[in-house]
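Asks: Take this structure first; my questions come after.
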Amino acid sequence: MGWGACVGVSSLNSVTVSFGERFAASGHFDEVFRDGMALVERTAVYLDGQGRREAKSLTPALAVVYANESMRLTSRLLEIASWLLLRRSHSTGDITSEDAHVRRRCIKLATIGRPSHVKGFAELPQSLRKLIDDSFAMNDRIVRLDRAIETCGGREVPDTCNPVAAQVQKLQQAFGATH
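Residue numbers (my numbering): -3 to 175.
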């Protein structure tokens, strides 16, 4: 529920590590940000150029599939870009953790809607299908990161945040350990 993840040893000596803050300040986030924004740019260039030309050569029925899938692609990439920009704004201090959490709830990172079952998808131009596949790969990557960031928010760390720590605490209680 927040923008940090936690690592706890036990309730007596728990350590909170804000995964969100550490991740956003890392080179790994920069890489994800660059990859995501490059995908947005590549898609825009394709749809405004080569994609437009390819769409004109499609049958009317396939042109409808193309239009639908390109709109879904654009929507998915807008959500990805929104998430990336939100994470960057939070990491640079432009917005608070609370603002980031509220704004994050408006971003829809869908994990469903794979178009491979859509009739005619295989006949779409290879370039469009590649962009769609790449967008789902980026979306999946961001969903995993988002889940890690959202786990055990930056609030007080419950022992259930770390199942191993919870088990260690139960053992300590059962055997009367003092540390």
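Don't be surprised by glycine CBs; every beta carbon is placed ideally from N, CA and C.
Note that the structure is a prediction, hence the values are computed from the model and not measured.
1) Among Arg143, Asp136 and Glu119, which one has its Cα closest to the Cα of Ala57?
2) Do you know offhand how far Ala50's Cα is from Val160's?
3) Between the alpha carbons of Glu146 and His86, how many angstroms are there, rounded?
4) Please identify the residue among Glu94, Ala59 and His24 whose C-alpha is closest to the C-alpha of Leu80.
5) Ordered along the chain, which non-local residues of its own chain (more than five positions away) have a Cβ less than 6 Å from that of Pro121?
6) From the DSSP output, in three-state form, read off Ile108 for me.
7) Using 7 Å as the threshold, is the C-beta distance between Gly116 and Val61 below it?
8) If you follow the alpha helix (DSSP H) that Val139 is in, where does it begin and where does it stop?
9) Would Leu167 be called buried (16 or more neighbouring beta carbons within 10 Å of its own) or exposed?
10) Going straight from the alpha carbon of Ala94 to that of Thr55, what length do you get?
11) Spatial neighbours of Asp31 within its chain, please: CB distance less than 7 Å, with the 5 preceding and 5 following residues excluded, ordered by chain position.
Replies: Quick look at the numbers:
1) Here residue 57 refers to the residue found at position 61 when the sequence shown is read from its first residue. For the residues Arg143, Asp136 and Glu119, the minimum Cα distance to Ala57 belongs to Glu119.
2) Against the sequence shown, residue 50 aligns to sequence position 54. Against the sequence shown, residue 160 aligns to sequence position 164. It is worth fixing the name first, because residue 50 is Glu in this sequence and not Ala. One alpha carbon belongs to Glu50, the other to Val160, and they sit about 54 Å apart.
3) As a working note, residue 146 is residue 150 in the sequence shown. As a working note, residue 86 is residue 90 in the sequence shown. The straight-line gap from Cα to Cα measures roughly 14 Å.
4) Residue 80 sits at position 84 when you count from the first residue of the sequence shown. By alpha-carbon distance to Leu80, the top candidate from Glu94, Ala59 and His24 is His24.
5) Counting from 1 along the sequence shown, the entry for residue 121 is found at position 125. Around Pro121: Glu50.
6) Within the sequence shown, residue 108 is the residue found at index 112, counting from 1. If DSSP states are grouped into helix, strand and coil, Ile108 belongs with coil.
7) Position 120 of the sequence shown holds residue 116. Position 65 of the sequence shown holds residue 61. With respect to the 7 Å criterion, Gly116 and Val61 are classified as neighbours on the basis of their beta carbons.
8) Within the sequence shown, residue 139 is the residue found at index 143, counting from 1. Val139 -> alpha helix (DSSP H) spans Gln122 to Glu146.
9) On the sequence shown, residue 167 is found 171 positions in, with the first residue counted as 1. Label assigned to Leu167: exposed.
10) Residue mapping note: residue 94 aligns to position 98 of the sequence shown, counting from 1. Residue mapping note: residue 55 aligns to position 59 of the sequence shown, counting from 1. Note that residue 94 is Glu in the sequence shown, not Ala. Their Cα atoms are separated by approximately 49 Å.
11) The residue given as residue 31 occupies position 35 in the sequence shown. Around Asp31, the same chain offers Met134 as residues with beta carbons nearer than 7 Å, after the five sequence neighbours per side are excluded.
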